[in-house]
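Student: Submitted below is the structure of interest, expressed as structure tokens.
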Amino acid sequence: MAEHVAVVVPLNCPACGGPIDVACDDGAPQTIRFTCPYCQTPREYEAPGPVLWVAMRQHGPGPETKH
26 MAEHVAVVVP LNCPACGGPI DVACDDGAPQ TIRFTCPYCQ TPREYEAPGP VLWVAMRQHG
86 PGPETKH
């Protein structure tokens, strides 16, 4: 069964500023709790739909060049 991702939301950790991606499916919004993969700070986020995964953002070619 293929994984369906409706949207990937780019976040930044409020503590360390680390870039985090949250993949959400279509559906009802939900609040998630997770730990920043960079600085281990607990965090809460109101996702626009059911969360599929939370991961460090992959740096690749694109408009995002700020550091």
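In this note's numbering, the protein residues as written are 26 to 92.
We put the beta carbon where it would ideally sit given N, CA and C, even for glycine.
Predicted model, so just to flag it, every value in this text is computed and none were measured.
(1) Quick check on residue 82: does DSSP put it in helix, strand or coil?
(2) Between residue 40 and residue 69, what straight-line distance do the alpha-carbon atoms span, to the nearest angstrom?
(3) Helix, strand or coil, according to DSSP, for residue 38 in the structure here?
(4) Quick check on this structure: which residue in 63, 30, 36, 43 has the alpha carbon closest to the alpha carbon of residue 71?
(5) Can you grab the Cα-Cα spacing for the pair residue 57 / residue 30, in whole Å?
Tutor: Let's see:
(1) coil
(2) Taking the straight line from one Cα to the other gives about 12 Å.
(3) If DSSP states are grouped into helix, strand and coil, residue 38 belongs with coil.
(4) 36
(5) 17 Å
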